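Report on the following structure.
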Amino acid sequence: MKEKHSNTPAKRYGMIIDLDKCTGCGACMVGCYAENNIPFKPDETNKLDSINWIRVFKLTNHKPYPETEICYLPMPCMQCDGVGKHGHSPCVSVCPAVATDYNYDTGIISQIYTRCFGCRYCMAACPYHARKFNWWDPVWPADMEKYLSPNVSPRMRGVVEKCSFCFHRYQLAREKAYMEKRTDLAEGEYQTACADACPTKAITFGDLNNKDHAVYKLKNSPNAFRLLERLETNPKVYYLTTKKWVRKAGDNYLAHEEPETLKTRIKEHH
Amino acid sequence: MKINRRNFLSYGTALVLGGAAGSMLTPAPWKLMDDLAIWTQNWPWTPVPEDGPVSYKPSVCTLCPGGCGINVRLTGGRPVKIEGLRDYPVNNGSLCPMGFAGLQYLYNPARVISPLKREGKRGEGKWTPVSWDEAIAAVTQKLADLRAAGRPESVACITGSDHGAMDAFVSRFMTAYGSPNYIRSATAMDAMEQAIDLTQGQQGTPVFDIENADFILSFGAGLLEGWGSAGRMLNLFGNQKSAKKLIQIEPRLSDTAARATQWIAIHPGAEGALALGLAHVIIKESLYNKYFVDNFAFGFSDWVDETGRAREGFATWVKAYGPEKVSGLTGITPEKIMSLARDFAHAGKPIAISGRGNDDLPGSMDETLAIHFLNALVGNINKTGGVSALPETDYAKWPEINIDETASKGLQQARIDGAGGDEFPNTRFLINRLPGILLAAGESPIQALLVTDANPLYALADAENTKKAFDRIPFIVSFASFMDETAAFADYILPNHTHLERLQVVPATAGVARQIIGLAKPVVKPVYDTRHIGDTFINMAGALGGFVAQAFPWKNYEAFLTESMGNQWEELNQKGRIEIDHSLPDPMAFAFNTTSAKFEFYPTARSTKRQAGDSALPTFTPVPIEGDPNRFKLTLIPYDAMRLAGGDIANVPFLTKILDDTVLKKQTGFVEINPATAKKLGFKEGDSAKLATPKGEAMVRVHLFEGIMPDVIAMPRGLGHTAYSDYLSGKGTNVNALMGSVEDPTSGLDMAWGIRASLTRA
Amino acid sequence: MKETPLIPEGVKRCSKWQFSLWMAAATAVLLWGVYAMFLIWYKGLNQTNMNDAYGFALWIWADLAVIALGGGAFFSGFLTYIIAKDELKNIINFAVIIGFICYSSALLILAIDIGQPLRGWFIFWHANVHSMLTEVAFCLSCYFAVLTIEFIPLILENPRISQKPFWHHLSHNMHGIMAVFAATGVFLSFFHQGSLGGVAGVLFGRPFAYREHIFIWPWTFFLFTWSAAACGPCFTILVTWITEKITRKKLVKDNVIELLAKISGWMILTYIIAKSIDTLYWAFVTAPDRGFTLMDFYASPTYNIGILFAEIILCGFVPGLILITRKGRENKFLLMTAVVLAVVGVSLNRWVMVLQVMAVPMFSFDDWYTYVPSWQEVATTVLPVAYGIIVISLAHRYLPVFPQEKELNPID
Ligand SMILES: Nc1nc2c(c(=O)[nH]1)N[C@H]1C(S)=C(S)[C@@H](COP(=O)(O)OP(=O)(O)OC[C@H]3O[C@@H](n4cnc5c(=O)[nH]c(N)nc54)[C@H](O)[C@@H]3O)O[C@H]1N2
Ligand SMILES: Nc1nc2c(c(=O)[nH]1)N[C@H]1C(S)=C(S)[C@@H](COP(=O)(O)OP(=O)(O)OC[C@H]3O[C@@H](n4cnc5c(=O)[nH]c(N)nc54)[C@H](O)[C@@H]3O)O[C@H]1N2
Ligand code: SF4
Ligand code: SF4
Ligand code: SF4
Ligand code: SF4
Ligand code: SF4
Ligand SMILES: [Mo]
C-alpha cells in the first residue's frame, strides 16, 4: 500500500449495473473470459472452482407461481475502497506479500500473479467471493492457445486472480493519451470489456469522482445500492433497480430493518 | 599455533560466520535472491501470448441466422477477441454470448480438420483422413451412379436455412442435379411465413418491426433468449423507451417474461385460445381498425361463397370464444383477458408475435393464424412498427440454368417429405416427417443425403427413432465444420470453413424490417484443411460434368460473388453491407396478393382437407400431445436459454462455463419443477430423478423454481450432445430426444409444444 | 574402551526390537503423509477439497491448533524462567520439545498449504507490514529458531554427544543464557499467537470473524494469546500423561503437574470470561450492526448453536472450574477430563475461527458452504502427529528429558 504519487487528480473508477436492464444473457462473462484469457475445464459446473471474474447470479423473490419474479445480478470485483478510502479494502490489507494492491490513481485493486504465493488469505477476506484460485494449471485444448491476448498474462496454478476492471485497457488508453500529449482520458476511452460486451448496456463505467461522467449521476439515484454496504467495504460497483425486494437482497437486514431507513448510516464514506 | 580439534572448530566457525557476514555486504546474495524470485515466477508451461501490432477486421457473425456485425481484434494478424461492430444496423454493436465466444469455434477441439471417410460401423467414430480430391471423387461417384440409374430424386439435401446466397447455391445444385428434395430445417418462421402467405399472399421472411412498435404481445416467443437475431433483440431491449410495453404470455417465468412489462401465466398450449378470446373482445367492443378491416380485409364478416353457400366470417366465428370460456381454457381471468384486449387495441403500434422460444418449432397453423389476426384487427400490417413479409431480393444475378432429361424427370417427382403435395400444398419443407417416411418405406427413398448447416440427428424429435430412420439411408455426406451428431453418423465429412474463415453474403434474419445484406469476410486464413462449402459444391458440380457443371461456371465461390453481384459487389465489399428499404406507403402497403386481393381472415388458399368442420378459419383444438395422462402425470416443455445454443451450432466451452449449476451439474442436467409439485412427488432441490416420456428416459436432477407452473416441468434445449468434444459431449439430456412430433393437420408442420412425462425417484 | 552408551545413564528403556516396531508403525503413517505431501506439491492444491469459498480449511485449522497447543512451550518458559516457578524445570524440557514439534509442523503445513511453495519466502521478501499474516510469518519463524535453540542443549546432553568436550561446553554455555531466549520466545509468542487471532479478527468483510479493535488489534488478538497460554500447558500435561501411559513409568511428579494445571485453570477461567464478554458484545453489537443476528451464524445443521455451547461452557468453564479446585486437580480422572476438554476447546475455537468463517453465507441469496477434506488433506494433517510421535520417542529414548525420571524410577 504505497502512498499516492501522482499529480493528476485521483480518479475513482466505478461501475453502475442497471439490474432492470440485465437480461442475464451472460455476454459480460464471456466478454471477460475472452478479454482476460480466462481458462476453462471440461467440467465447470462446480462454481466454487470455476474461474469467473464476473459472475451473474439469479435471484428470485420466492413468491409462489405466478407471483414469482427473478432478477439477474452480475458481480465483478467490487473494487472496495474500504472506510476512509485509504485503500483499506478487505483484501489488500491482508495480503502478506503485497501481491494485491490499491492503485491511488484509479482506485483499482490490482493483482500481481507472479508475486502471489497462493496463501488465499485475500479470498477469506473478500465477502463477495470475487477472488478465484487457480486450482489447476490452465489448459487450452486443440489450438486455442492461438487466440490468447498478449495484454493479459495467463496465470499459473497456485495463484489467486480476480477482476481487474480491465486495467490493461486503462494502461492502453493512458499510453494513447500520452502519445497524443493529453493528460486526461475521455469518458469512453477507457471502458471495461464487460461494459463493452453488455448487449443491453446495463453496465455503465466511468470515474465516480468526475461530475461529467454518467456514473457520477447514476450512483446518486434513489434506486442505487451497493452489495453488503453495511460491512463498510465501500464498493465502487453500484446497482440500480426499481425492485425493492432486490435492493433488500443486496445486504443483510434484521427482521425490523428496511434498506431505506438505514440509507443515511451507510452512505458512501467521503 | 597448533591446529587441534577444538580450535579448528572455533576458527572454522569464525571463518564461516565471518565469510557469511562479509558476503552479505556484497551484491551477490541479493542478486541471487532476486534471481531466485524471478525463477519461481516462471512457469514454463503457461503460455506467453505473442505480441504484435493491433488491428481490427469488421465482419458478420453467422453462428446463427442473426447476422450481427462483429469487429475482430487481431494482434499481429492473430484474432484475439471478437467485439460488436458499433454501427452495424442489425445489432448496433450488441452481440449475444455465442458471438463473443466466436474464437472458440475457430479453434474448437471438435472441429473436423480434414475430409474424413468412415471406417467401421456408422457412428462408431472411426475415420480415415482422406484428401479433398479423394473425398470429392467418392461423393460425386455416388451421385453420378444414382443419376446414371435414373434416380436423381433419391438424393436429398438438408440445410439449416434457405435465404442466403449460399443456400441458393445449394438449392441450385439440387435443381441442376435433378432432385426436388431440398429440405430446410424447421423453425417457427415456417408457420409464420405460411400464415402471411395464406392471408396476405406474400412470400418472404416475416418481419416484426419491434424497433418501432410500442406494444408487443408475445405468445411465448423467447425475445430475449435467442429469438431471431439475439444481438438485435438485446440491443433493442437495452435502448427501449420506457413507454414501450412487452407482454409475455407463457407458462414459465422465462428470462423474457422476467424482463417483460407484464408476465401472463397461461396453461401450456392454450395460446391459440387466448388469441381468439382477445379477438372476440376486440371485435365485440368494436376496438378493431375499421379503416383496415372494412377496406382491405376479406372474410371478416359473413359471406357467400361461389357455390352460393353462406359462410361464417371471422367476427361471427370468434363469438364462440367469450372471455369466460377462454378463461377456463387458459387459466387467465376474464377481466385480464378483457383488459389485455383493450390495451392491445388502444396501443399506437401493437404487434402480436407467435412461436414459442427461439422459434425452433413451427407450432399449430390455427394458433399462428389466430395470433396473426390480432395484427390484422389493429391494421398493423405492412407498416412501420408492424408485421410484414420481406421479399427475397435478387441481389445476385444467376446465369440461366439448363437441365437434362434425367434432371427434368427427377424434378417432376413428388417431394419425399410431402411438402407442397396434395396433403400439404402450402408447406415448403417438412423435415419432421422424414423419420416416419424413411421407416415406413420398403427401400429408403433417400439413397444419398447431403447435410449442410443442420444437425437433424440432434434436433429432430425422438432421437432414437430418427437415428434408426437415418440408418436406412445408404450414403450420408456431412459438410459440417464440427463433429456434430449428424456428422458423426455420416459416411463422408467434407468440412466447411468456420464463420471466421469464410466469405459469405449474409441477409439479415427474420424480423428485421429492412433488407440488410452483410458481408462476412474471412478474418484469418483457414486454420485446418477445410474448404469453403461453396467451393466444395463447385468442385462437385465440376466432377459431375454436363449441365450440372455448366450451372456452376465459376472458379470458386468468391468469383461467383464478385461476378454475380455486379456493381453491388463494390458497395458490399467497401461498406460491408447493403441496405434496401422495402417499406411502402399506405394504401400500396395493403395491396395483397391473395385471391380476393385483400387480407384474408378467411384464408381461401388454406387446405382444409384434414381440417374438421370444412372451414379455413382458425379454431382452438388442444394439440394432442403424446402420452397417457394417467401414467405420465406431468407435462414436459422445452425452453430456450441464451446461454445454450439449441440450433445446429452447439455450445463452446465458454458458453457451457456460464451455465448455472441449477441447469447442469457435472454431467447431469436439471428439470425445473414447481416446489409444490416437487413436494407432492417428494423431491428436494438437487435430487436425482428418472425422467420418462413416451419417447424415452433420462437421468436428471430437479431444480425447484417457483416460476414454473405446477405439474409442468421444463428442460432447456442444447444439452445432451453425444458428439463434439469432452467439453460438451455427455452433458445433460437432449430434450428433443424425449419429445414427440405432432403433425399439424393443414400444414404438416410439427406442432407439438410439449409431451407428457413422469418423474420418479432414481 | 567401551563405547559410551546412547541411552542416558540410570534410566531403563525398552528393547531395540520393541522400539523398532513402534517406530516402524509411526514411520508408516509418516510415509503415507509424506506421499500425500509430494502429491500435493507435484499436482497442486487441486488434490484437496478446498475451493474458492473454502480457501482456508483443514490445514489452516491444524496450523492454528498446533500453534495454540504448542503454546505450552512459551507459557511454561515464561513461568519457569521469568516468574521463576522452579518446579516447572521438571517439565520445561518436554514442553520445549512439544513446542518444537508443533511449530515445525506448523511451518511444514504452511509449506504444503500455499499454492506456490517455491514463493513462500515472498512473505519476507515483499512483506506487507499491515498484514497479520506477515506478522505471523516473522514471529513464527523467529520463535521456531528460538525453540530450536532451546532444544539444542537438550540434544547435546545425549551421553554420546556430550562426551565430546566442544558439544559439552556449548551445551553448558547455552543453558546459561537460556533465560534470554525464553524471554525472547515469550515476547515473540505473545505477538504471533495474537496475530493468528488477528488473522480472523481483522476480516471486516466476514462478520462471523470480525471483532472490534483496541488500537490496531482486534479482540481476537488477545483472546488467542490468552487461550494458547491457558490451554497449551494442558496439552503438555496431556502428552506427558500419554507418554507415561505408553512407557508405563511415572516421569513427572504430581506436584509439578498440579501446579501447571492450577495456573492453567485460572488462565482458562479468566480467558473464558473474556471470551464470553467478547461473544456477547459481538452478538449484540457487532453482528446486528451488519445485519446479522447471532442465530444467523448458527443456522446450519453442522454449525448450530451447540458449537458455541461446547466451546464456552463445556470446554471452557467446565475445565477452568475443575482445574482451579484442588479436588479437581488431585483427582486423576477429573484432572485429565479437564485437560482433554481444554485441549478440545481451544482446537474447537480455532476450528470455528477458520472453517465456520468460511461456511457462513454472506448474501441473503447464498447458502451455507460445505467442505469435507480429501484424503490427501487428512494424510498431511496426520503426518505431524506421526512426526511428533517419532520425535518424542527418540527424545525420550536418547535424551534426559525428564529430570525426575531417575528419582521416580530407580533401577534396582
Ligand atoms: N426439434 C428441434 N428442431 C430444430 C431445432 C431445435 O432446437 N429443435 N433447431 C432449429 C434451428 S433453430 C435451426 S437454426 C436449425 C439448424 O440450424 P441453423 O442455425 O439454421 O444454421 P446456422 O447455424 O445458421 O448455420 C451455421 C452453419 O452453417 C454452415 N454454413 C456456413 N456458411 C454457409 C453457407 O453459406 N451456406 C450453407 N449452406 N451453410 C453454411 C456452417 O457449416 C455452420 O455450421 O434446426 C432447427 N430444428
Ligand atoms: N444464445 C442463443 N442465440 C440463438 C440461439 C441459441 O440457441 N442461443 N439460437 C439461434 C438459432 S438456432 C436460431 S434459429 C435463431 C432464431 O432465428 P430465426 O430467425 O428463426 O432463424 P432461422 O430459423 O434460420 O430463419 C431462417 C429464415 O428464413 C426464412 N425463410 C424461409 N424460407 C424463405 C423463403 O423462401 N424466402 C425468404 N425470403 N425467407 C425464407 C424464414 O422465414 C426464416 O425467417 O436464434 C439464434 N440465436
Ligand atoms: S470485492 Fe473482494 S477482491 Fe474485490 S476489492 Fe473487494 S474485497 Fe477485494
Ligand atoms: S493469495 Fe496471493 S494475493 Fe491473496 S493474500 Fe495470498 S499472496 Fe496475497
Ligand atoms: S471489468 Fe474487466 S476484468 Fe472485471 S469483470 Fe469486467 S471484463 Fe472482467
Ligand atoms: S451482459 Fe449485460 S445483460 Fe447480459 S448478463 Fe451481463 S450485465 Fe446482464
Ligand atoms: S445473435 Fe447470432 S449472429 Fe448475432 S452474435 Fe449471436 S450468434 Fe452471432
Ligand atoms: Mo436455430
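As they're listed, the protein sequences go chains U, V and L.
My numbering numbers the first residue of the first sequence as -14 and each following residue consecutively.
My numbering numbers the first residue of the second sequence as 172 and each following residue consecutively.
My numbering numbers the first residue of the third sequence as 312 and each following residue consecutively.
A virtual CB, placed ideally from N, CA and C, is assigned to each residue, including glycine.
Predicted model, so just to flag it, every value in this text is computed and none were measured.
(message) Quick check on residue 499 of chain L - is its C-beta less than 9 Å from some C-beta in chain U?
(response) Taking the third sequence and counting its residues from 1, the one referred to as residue 499 of chain L is at position 188. No, because no Cβ of chain U sits closer than 9 Å to the Cβ of residue 499 of chain L.
(request) Quick one: using the 10 Å Cβ neighbour count with 16 as the cut-off for buried, is residue 562 of chain V buried or exposed? (result) Here the question's residue 562 of chain V lines up with position 391 in the second sequence. Exposed.
(request) May I have the straight-line CA-CA distance separating residue 764 of chain L from residue 396 of chain L, to the nearest angstrom? (result) Outside the displayed span of chain L (312 to 723) sits residue 764 of chain L, for which this structure offers no information.
(message) Please confirm whether residue 191 of chain V has its beta-carbon closer than 9 Å to some beta-carbon of chain L.
(response) Numbered from 1 along the second sequence, position 20 holds the residue referred to as residue 191 of chain V. No, its Cβ sits nowhere closer than 9 Å to a Cβ of chain L.
(request) Using a threshold of 9 Å, state whether the C-beta atoms of residue 670 of chain V and residue 234 of chain V are closer than that. (result) Position 499 of the second sequence, counted from the first residue, corresponds to residue 670 of chain V. Position 63 of the second sequence, counted from the first residue, corresponds to residue 234 of chain V. The criterion of a C-beta distance shorter than 9 Å is satisfied by residue 670 of chain V and residue 234 of chain V.
(request) Look at residue 846 of chain V and residue 27 of chain U and say whether their C-beta atoms are less than 9 Å apart. (result) Position 675 of the second sequence holds residue 846 of chain V. Position 42 of the first sequence holds residue 27 of chain U. Contact flag unset, no.
(request) Measure the beta-carbon distance from residue 518 of chain V to residue 385 of chain V and round it to whole angstroms, keeping in mind my assumption that it falls under 8 Å. (result) Within the second sequence, numbered from 1, the residue matching residue 518 of chain V stands at position 347. Within the second sequence, numbered from 1, the residue matching residue 385 of chain V stands at position 214. Taking the Cβ atoms as the reference, residue 518 of chain V lies roughly 6 Å from residue 385 of chain V, within the contact range of under 8 Å.
(message) Against residue 121 of chain U, what residues of chain L qualify as contacts under a CB-to-CB distance less than 7 Å, listed in chain order?
(response) As a working mapping, residue 121 of chain U is identified with position 136 in the first sequence. Going along chain L in sequence order, the residues near residue 121 of chain U (Cβ under 7 Å) are 355, 357.
(message) Quick test of the definition: if touching needs 3 or more C-beta pairs under 8 Å, does the stretch 269 to 278 of chain V touch the stretch 431 to 441 of chain V?
(response) Touching, no, given that fewer than three Cβ pairs across the two stretches are closer than 8 Å.
(message) What are the residues in the stretch 70 to 83 of chain U lying within 7 Å of chain L by C-beta distance?
(response) Listed by position, the residues of the stretch 70 to 83 of chain U near chain L (Cβ gap below 7 Å) are 75, 78, 79, 80, 81, 82, 83.
(request) Within its chain, find whatever has a CB closer than 6 Å to the CB of residue 884 of chain V; leave out the 5 residues flanking it on each side and keep chain order. (result) Reading the second sequence from its first residue, position 713 is the one you call residue 884 of chain V. Around residue 884 of chain V: 805, 807, 842, 844.
(message) Shorter than 8 Å, the distance from the beta carbon of residue 59 of chain U to the closest heavy atom of ligand 6, or not?
(response) The count along the first sequence starts at 1 and reaches residue 59 of chain U at position 74. Relative to the non-hydrogen atoms of ligand 6, the Cβ of residue 59 of chain U comes within a distance shorter than 8 Å of at least one.
(message) Could you compute how far the alpha carbon of residue 537 of chain L sits from the alpha carbon of residue 219 of chain V?
(response) One-based indexing of the third sequence puts residue 537 of chain L at position 226. One-based indexing of the second sequence puts residue 219 of chain V at position 48. So the alpha carbons of these two residues sit roughly 50 Å apart.
(request) Would you verify that the beta carbon of residue 257 of chain U is, or is not, closer than 9 Å to some beta carbon of chain L? (result) Given a span of -14 to 255 for chain U in the structure shown, any question on residue 257 of chain U remains unanswerable.
(message) For a test of the three-state rule: what should DSSP assign to residue 592 of chain V, helix, strand or coil?
(response) Here residue 592 of chain V refers to the residue found at position 421 of the second sequence. Correct three-state label for residue 592 of chain V: coil.
(request) Could you tell me whether the stretch 444 to 457 of chain V touches the stretch 479 to 496 of chain V, using the rule of 3 or more Cβ pairs below 8 Å? (result) By the criterion of at least three beta-carbon pairs nearer than 8 Å, the stretch 444 to 457 of chain V is in contact with the stretch 479 to 496 of chain V.
(request) For residue 422 of chain L, return the contacting residues in chain U, with the cut-off set at a CB-CB distance below 9 Å. (result) As a position in the third sequence, residue 422 of chain L is number 111, starting the count at 1. Ordered by position in chain U, no residue passes the 9 Å Cβ test against residue 422 of chain L, which lies about 11 Å from the chain.
(message) My output table needs one value for residue 832 of chain V: the three-state DSSP class, helix, strand or coil.
(response) Taking the second sequence and counting its residues from 1, the one referred to as residue 832 of chain V is at position 661. Here residue 832 of chain V sits in coil by DSSP.
(message) Taking 9 Å as the threshold (C-beta atoms), are residue 149 of chain U and residue 252 of chain V in contact?
(response) Residue mapping note: residue 252 of chain V aligns to position 81 of the second sequence, counting from 1. Residue mapping note: residue 149 of chain U aligns to position 164 of the first sequence, counting from 1. The answer is no: Cβ separation not under 9 Å.
(request) Determine, using beta carbons only, whether residue 710 of chain V and residue 307 of chain V come nearer to each other than 9 Å. (result) As a first step, residue 710 of chain V is located in the second sequence; it is residue number 539 there, counting from the start. As a first step, residue 307 of chain V is located in the second sequence; it is residue number 136 there, counting from the start. Less than 9 Å divides the Cβ of residue 710 of chain V from the Cβ of residue 307 of chain V.
(message) So with CB distances below 8 Å, who are the chain V contacts of residue 427 of chain L?
(response) Indexing the third sequence from 1 puts residue 427 of chain L at position 116. By Cβ distance, chain V contributes 211.
(request) Check the Cβ-Cβ distances between residue 245 of chain U and every residue of chain L, and say whether any is below 9 Å. (result) Taking the first sequence and counting its residues from 1, the one referred to as residue 245 of chain U is at position 260. Look at residue 245 of chain U: its C-beta is not under 9 Å from any C-beta on chain L.
(request) Could you tell me if residue 312 of chain V is buried or exposed, where buried requires 16 or more neighbouring beta carbons within 10 angstroms of its beta carbon? (result) Taking the first residue of the second sequence as position 1, residue 312 of chain V is located at position 141. Its Cβ having fewer than 16 others within 10 Å, residue 312 of chain V is exposed.
(request) Below 7 Å CB to CB, which residues in the same chain sit around residue 548 of chain L once its five sequence neighbours on both sides are set aside? (result) As a first step, residue 548 of chain L must be located in the third sequence, where it is residue number 237. If we look at residue 548 of chain L and ignore the five residues flanking it on each side, its Cβ neighbours are 568, 571, 572, 650.
(request) Measure from the C-beta of residue -12 of chain U to each C-beta in chain L and report whether the shortest distance is under 9 Å. (result) Here residue -12 of chain U refers to the residue found at position 3 of the first sequence. Residue placement at residue -12 of chain U is poorly supported in this model, since its pLDDT is 45, which falls under 50; the coordinates still yield a value, given next. At a cut-off of 9 Å between beta-carbon atoms, residue -12 of chain U makes no contact with chain L.
(request) Check each candidate in V:688, V:566, V:825, V:574 and name the one with the smallest Cα separation from residue 731 of chain V. (result) The residue you call residue 731 of chain V lines up with position 560 of the second sequence. Comparing C-alpha distances from residue 731 of chain V to each of V:688, V:566, V:825, V:574 shows the shortest one belongs to V:566.
(request) Could you tell me the distance, in whole angstroms, from the CA atom of residue 51 of chain U to the CA atom of residue 7 of chain U? (result) As a working mapping, residue 51 of chain U is identified with position 66 in the first sequence. As a working mapping, residue 7 of chain U is identified with position 22 in the first sequence. Rounded to the nearest whole angstrom, the C-alpha separation of residue 51 of chain U and residue 7 of chain U is 21 Å.
(request) Check each residue of the stretch 356 to 381 of chain L: if its Cβ is closer than 7 Å to any Cβ of chain U, include it; give the result in chain order. (result) Within the stretch 356 to 381 of chain L, the residues whose Cβ lies closer than 7 Å to some Cβ of chain U are 356, 357, 362, 363, 364, 366, 367, listed in chain order.
(message) I'd like to confirm the pairing. Which residues does DSSP put opposite residue 528 of chain V in its beta bridges?
(response) Position 357 of the second sequence holds residue 528 of chain V. DSSP output for residue 528 of chain V lists V:392 as bridge partner(s).
(message) Under 9 Å, Cβ to Cβ, is there at least one residue of chain U near residue 591 of chain L?
(response) Taking the third sequence and counting its residues from 1, the one referred to as residue 591 of chain L is at position 280. Under the 9 Å criterion on CB atoms, residue 591 of chain L is classed as non-interfacial with respect to chain U.
(message) Following a CB-centred definition, is residue 182 of chain U positioned closer than 8 Å to any heavy atom of ligand 6?
(response) The residue you call residue 182 of chain U lines up with position 197 of the first sequence. Taken from the Cβ of residue 182 of chain U, at least one heavy atom of ligand 6 lies inside 8 Å.
(message) Under 9 Å, CB to CB, which of the residues in the stretch 901 to 921 of chain V have a partner in chain U?
(response) Residues 902.
(request) Please list the partners that residue 275 of chain V has in chain U, where partner means a Cβ-to-Cβ separation under 8 Å. (result) As a first step, residue 275 of chain V must be located in the second sequence, where it is residue number 104. Those are 129, 132, listed as they occur along chain U.
(message) Using a Cβ-Cβ cutoff of less than 8 Å, which residues in the same chain neighbour residue 335 of chain V once the five nearest sequence positions on both sides are dropped?
(response) As a working note, residue 335 of chain V is residue 164 in the second sequence. So the qualifying residues of the chain are 675, 676, 677, 678.
(request) Using 10 angstroms around the beta-carbon of residue 595 of chain L, count the other beta-carbons present and answer buried if the total reaches 16, otherwise exposed. (result) Mapped onto the third sequence, residue 595 of chain L falls at position 284. With fewer than 16 other beta carbons inside 10 angstroms of its own, residue 595 of chain L counts as exposed.
(request) Figure out for me which residue from V:248, V:785, V:839 has the closest Cα to the Cα of residue 934 of chain V. (result) Nothing about residue 934 of chain V can be reported from this structure: the residues present for chain V run from 172 to 933 only.
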